[in-house]
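**Q**
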Amino acid sequence: MVNEVGEYHFLPREAFSLFTTHKLPTDTSEFLDLKSKGFVYNGYLVQTVDWLATKYRTKKQFLYDFTALHMFVVTRRCNQKCTYCHASSLDEDAGPKHDMDFTTAKKCVEIALKTPSPYVKFEFQGGEPLLNFEVVKKIVEYAEELNKKVQKNLEFVICTNLVALDGAVLDYLDSKNIMVSTSLDGPEDIHDGCRRLRRGSGSYETVIKHLNWTIERLGHGKVSALMTTTRENLPRLKEVIDEYIKRGLGSIFIRTMNPFGMAAKHWKSVGYTSDEFLKGYKDALTYLIDINTKGVHFPEAFATLLLTRILTPFSTGFVDLQSPSGAGIGGAIYDVNGDIYVSDEARMLAHSTGDKRFCIGNIHRNTWKESFCGGKLREIVAESCLEVLPGCSWCAFLPYCGVDPVWEYGTRKVGYETVGRNDSCHVHRSLFYFLFDYLRFGKEEVEDVFWSWVTARTFDQIRNNNAEEMAA
Amino acid sequence: MSTLRFDPAVYSVKAVKYAAFDCSSKASVDVESNMDGKIVVHISATREDQCDLDLLETEFKRCVLDHQTRIEIGEEFRLIRDMIIAQAFAPCDNLEEIIEKATDDKIE
Chain E
469 MVNEVGEYHF LPREAFSLFT THKLPTDTSE FLDLKSKGFV YNGYLVQTVD
519 WLATKYRTKK QFLYDFTALH MFVVTRRCNQ KCTYCHASSL DEDAGPKHDM
569 DFTTAKKCVE IALKTPSPYV KFEFQGGEPL LNFEVVKKIV EYAEELNKKV
619 QKNLEFVICT NLVALDGAVL DYLDSKNIMV STSLDGPEDI HDGCRRLRRG
669 SGSYETVIKH LNWTIERLGH GKVSALMTTT RENLPRLKEV IDEYIKRGLG
719 SIFIRTMNPF GMAAKHWKSV GYTSDEFLKG YKDALTYLID INTKGVHFPE
769 AFATLLLTRI LTPFSTGFVD LQSPSGAGIG GAIYDVNGDI YVSDEARMLA
819 HSTGDKRFCI GNIHRNTWKE SFCGGKLREI VAESCLEVLP GCSWCAFLPY
869 CGVDPVWEYG TRKVGYETVG RNDSCHVHRS LFYFLFDYLR FGKEEVEDVF
919 WSWVTARTFD QIRNNNAEEM AA
Chain D
137 MSTLRFDPAV YSVKAVKYAA FDCSSKASVD VESNMDGKIV VHISATREDQ
187 CDLDLLETEF KRCVLDHQTR IEIGEEFRLI RDMIIAQAFA PCDNLEEIIE
237 KATDDKIE
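Line by line, the protein sequences give chains E and D. In terms of our numbering, the first sequence opens at residue 469 and continues consecutively. In terms of our numbering, the second sequence opens at residue 137 and continues consecutively.
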C-alpha cells in the first residue's frame, strides 16, 4: 500500500482485508506500523493531518523555487553525426547563422536570471557547444556580472562530446569552475557504432583521451557522463557499466532513448520495445547490486532517484518525471534564435515537425512574465498533474511518478493513448514493481545497497552503521 | 457508416464531443440525441486507409471513456490540482489570495 505522502507498507492479505473493512485491531503490530506511516489514526487527528500535510509539502518542495535550470543552445552545428541524435544537429561548417549570437545570448541571460529561484544552473548545449565557445565564455562572464546584483547560487555545466577540447578550453573551464557532462555509450565498438565523427570515423579514441585529460584537470567530481540506450548496448549493459567504472565515472544513468529527431528516423536500427528495455535494465540493475555488495560503489542514477522518493520523505525534482512536470517550471531551454521551450524535446518537436505548441516565448519579443507566467505554460503544467489524469490519479505509484507532456504528446501513436496506458507508464510501473519486489523479498544487503545510493555512502559504511545500531 | 449509442446517465455530451474532435482527422462524426434521450453517434471513415470501421469504433469508444474519466477526475480533484499549480507559480502570483478563493477559508 502507498499513501498520498509516499509512505509504503507491505501488508499480509488477511490484515489487508481487515484494514479495508476497518476491522484491523488497534493493538496489533500491523496497526501500529500503519499508524506510524499515516495510513490510519486513532486519536490525535489534527496532529496526524498536520504531520501528513508537512510530509506532502516536503514531497512537493521542488515547486517552491521555480525555474532553476536554464539551457542554452549556443549552436546547432556539431562535429559528430550520431545515429540517434535528437537535436537534429547540422554540419560543423554550416555557418554562423546557426550559432547563438551574443545579443541573443545576453537577453537569454537577463531573462534567465529573473527567475525567483535562488539556485540557478546554466547548461550549455548544442549541437556541440565547444564549436561556439566564445559565446559560452561571454555568457558566463555576463552572468557573473549580473549575478553581483541578483546574488543567485550560480553553477555552470557544459554538455560536450569533448572532441574539440583543447588546453585553452580546459583552462577556462577550470578557472570558472564549469562542470562537464559528456556522452559515453560503452566500450569502443558500442560507442563508435552510433557516435561517429562527421568525417565518418569513430570518436571513442578521442573522447577517452579528452575525458582522461578533463578528469585529471578538473577532478572526478566535476565530470560526468551519460549514455544513450540503444539496441546496440541494451543487451550489453554490463560491459557499459564496466567501461564507466574503468574510466573513473561515478554513476550511470540508464533510461529509454528519446524517440525524436534522428532516433525516430533510424528507430529500426537503434530502437527497441519497452519490454526489451525492461529486460536489459533489470539485468543491469542485478549486476550493479552484485558489484556494489562486493565493494564497488557505483549507483544507477534513475533507480537512485526513484528509491529516494520511495525510501525518504525528501523532494527530488527531476523535470522529466515529476507531478506536475518540470517542463518550464523546473527547466527551460533557449534556442539559437531566442525561442524559449519547456524542454529540449519540445525544441526537437518544433524542429522536426514545425509544431511549436511547447514554445512559451521568444526573448526578443516576450518578457519573463509573459513567457514563464503566461497562460500557455500554466496550461502545459496543469495538464501534467498526475492527480487528475486517468490511470494515474488512482495509481499506487502516483507519489513517486510523473509525466513528460512533450514526450507523451510527441509519441502518441495512431489512436488515442492516455498516459496511464502507454509505453512510458508500462516502463515506469514495471520499474516500481521491480524495486518494490527487491524491498519486499530481497536480501537485507540489497536494501543496504539502495541506502548507499540514496545517501551517497558506501555499502560498507551502511553495513557498519547498521551493525553499530544493532549493538547499541 | 457505424452508429454508436451512449447513455447520458453514464457519458456526458461533452465527453462525446471531445472524442469526436480527437477522431476528426480520421472519421466524420455526427452527434445527435434520439427519442429515448440517448446520445447517438454516426461514424464514417474520411480516409481510404482508415476504412476499418471496427477499429474506428473501438478508438472512438476509448476516446469517449478517456474524456469522461478526465472530466470526472478533474471535477473530483480540481481543488488539489489548482492548489498544486498555484504553488508551482507562487513566485509569480499571490499564493494566499488564490488559496483563500479556492477554499473559501480565510488564511490568517
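Glycine is no exception: its CB is placed at the ideal position from the N, C-alpha and C atoms.
With 9 Å as the threshold, decide whether the Cβ of D:Ala156 is near any Cβ in chain E.
**A** Chain E contact via Cβ: absent.
**Q** Do you know offhand how far E:Gly763's Cα is from E:Phe927's?
**A** Roughly 7 Å between the two C-alpha positions.
**Q** I believe E:Ile713 touches E:Phe766 by the beta-carbon criterion, under 8 Å. Please report the beta-carbon distance rounded to the nearest angstrom.
**A** About 6 Å; that satisfies the 8 Å criterion.
**Q** Output the boundary residues of the alpha helix (DSSP H) element that contains E:Val922.
**A** That run of the alpha helix (DSSP H) goes Glu912 to Val922.
**Q** For E:Cys827, which of helix, strand or coil comes out of DSSP?
**A** Residue state, collapsed to three classes: strand.
**Q** Rounded to whole angstroms, what is the Cα-Cα separation between E:Ile801 and E:Asp812?
**A** Each residue's alpha carbon lies about 6 Å from the other.
**Q** Just to confirm the assignment, what range does the beta strand (DSSP E) spanning E:Lys589 have?
**A** Counting along the chain, the beta strand (DSSP E) containing E:Lys589 begins and ends at Tyr587 to Gln593.
**Q** Count the CB pairs spanning the region 611 to 627 of chain E and the region 586 to 603 of chain E that are closer than 8 Å, and state whether there are at least three.
**A** A contact exists between the region 611 to 627 of chain E and the region 586 to 603 of chain E.
**Q** In whole angstroms, what is the alpha-carbon distance linking E:Leu633 and E:Arg481?
**A** Looking at the two C-alpha atoms, the distance is approximately 60 Å.
**Q** From which residue to which residue does the alpha helix (DSSP H) around E:Val631 run?
**A** Run containing E:Val631: none; DSSP gives neither H nor E here.
**Q** Give, in chain order, every residue of the region 215 to 232 of chain D whose Cβ lies closer than 8 Å to some Cβ of chain E.
**A** Those residues of the region 215 to 232 of chain D that come within reach of chain E (Cβ to Cβ, closer than 8 Å) are Ile216, Arg217, Ile220, Ile221, Gln223, Ala224, Phe225, Ala226, Pro227, Cys228 and Asp229.
**Q** The beta strand (DSSP E) with E:Asp743 in it runs from where to where?
**A** E:Asp743 -> not in any beta strand (DSSP E); alpha helix (DSSP H) instead, spanning Ser742 to Thr761.
**Q** State the beta-bridge partners of E:Ser692 as determined by DSSP.
**A** DSSP, once it has assigned bridges, lists E:Ser649 as partnering E:Ser692.
**Q** Which same chain residues end up closer than 7 Å to D:Glu244 when comparing Cβ atoms and leaving out the 5 residues on each side of it in sequence?
**A** Residue confidence is low: D:Glu244 scores 47 on pLDDT, short of 50, so the model does not pin down where it sits. No coordinate-derived value is stated.
**Q** Going straight from the alpha carbon of E:Leu665 to that of E:Asp758, what length do you get?
**A** Using only the alpha carbons, I get a separation of about 36 Å.
**Q** If you measure from the beta carbon of D:Phe213 to each beta carbon in chain E, is any gap under 9 Å?
**A** Closer than 9 Å: yes.
**Q** Tell me which same chain residues have a C-beta within less than 6 Å of the C-beta of E:Gly806, skipping the five on either side of it?
**A** Answer for E:Gly806: Thr572, Asn830, Ile831 and His832, listed in chain order.
**Q** For the region 836 to 851 of chain E and the region 783 to 796 of chain E, state whether three or more C-beta atom pairs, one from each stretch, are separated by less than 8 Å.
**A** Yes, since at least three Cβ pairs between the region 836 to 851 of chain E and the region 783 to 796 of chain E fall closer than 8 Å, the two stretches touch.
**Q** Considering only their Cβ atoms, is the gap separating E:Asn834 from E:Ile808 smaller than 9 Å?
**A** Yes; because the gap between Cβ atoms is below 9 Å, this pair is in contact.
**Q** Taking the beta strand (DSSP E) that E:Tyr809 belongs to, which residues open and close that run?
**A** Counting along the chain, the beta strand (DSSP E) containing E:Tyr809 begins and ends at Asp807 to Tyr809.
**Q** Taking CB distances under 9 Å as the criterion, tell me whether D:Ile179 reaches chain E.
**A** It does not: the Cβ of D:Ile179 has no partner Cβ on chain E nearer than 9 Å.
**Q** For the ligand MG, is there a heavy atom less than 8 Å away from the beta-carbon of D:Pro144?
**A** The ligand content of the structure shown is nil, which means the ligand MG is not present either.
**Q** Can a CB atom of chain D be found closer than 9 Å to the CB of E:Arg825?
**A** E:Arg825 does not count as touching chain D.
**Q** Could you run through the region 186 to 210 of chain D and flag, in chain order, every residue whose CB is less than 7 Å away from some CB of chain C?
**A** Any reference to chain C falls outside this structure, whose protein chains are E and D.
**Q** Using a threshold of 9 Å, state whether the C-beta atoms of E:Phe445 and E:Phe592 are closer than that.
**A** The structure shown does not extend to residue 445 of chain E, since chain E spans only 469 to 940, so no value can be given for it.
**Q** Residues of chain D with CB closer than 9 Å to the CB of E:Arg846, please, in chain order.
**A** Going along chain D in sequence order, the residues near E:Arg846 (Cβ under 9 Å) are Ile221, Ala224 and Phe225.
**Q** In angstroms with no decimal places, state the Cα-to-Cα distance between E:His678 and E:Glu684.
**A** Their Cα atoms are separated by approximately 10 Å.
**Q** Under 8 Å, CB to CB, which of the residues in the region 509 to 537 of chain E have a partner in chain D?
**A** Of all residues in the region 509 to 537 of chain E, Lys528, Leu531, Tyr532, Asp533 and Phe534 have a Cβ within less than 8 Å of some Cβ in chain D.
**Q** In terms of residue numbering, what span does the beta strand (DSSP E) encompassing E:Gly799 cover?
**A** Per DSSP, E:Gly799 belongs to the beta strand (DSSP E) from Gly799 to Tyr802.
**Q** Closer than 9 Å between beta carbons: that is the criterion. Which residues of the region 780 to 808 of chain E meet it against chain D?
**A** Correct list: Ser791, Pro792 and Ile797.
**Q** Could you check where the alpha helix (DSSP H) with D:Thr194 kicks off and where it finishes?
**A** Note, D:Thr194: alpha helix (DSSP H), Leu189 to Ala224.
**Q** For E:Thr776 and E:Arg544, I'd like the C-alpha separation in whole angstroms.
**A** So the alpha carbons of these two residues sit roughly 36 Å apart.
**Q** Should E:Pro584 be flagged as near chain D, meaning a C-beta pair shorter than 9 Å?
**A** Chain D contact via Cβ: present.
**Q** Check whether the Cβ of D:Phe142 lies closer than 9 Å to any Cβ atom in chain E.
**A** Taking Cβ atoms only, chain E never reaches closer than 9 Å to D:Phe142, which makes this a no.
**Q** As a quick exercise: from E:Tyr868, E:Asp788, E:Gly878 and E:Trp921, pick the residue whose alpha carbon is nearest that of E:Leu899.
**A** Taking only the C-alpha atoms, the option nearest E:Leu899 is E:Tyr868.
**Q** Among E:Ile722, E:Lys690, E:Glu711 and E:Thr682, which one has its Cα closest to the Cα of E:Thr697?
**A** Comparing Cα positions, the closest option is E:Ile722.
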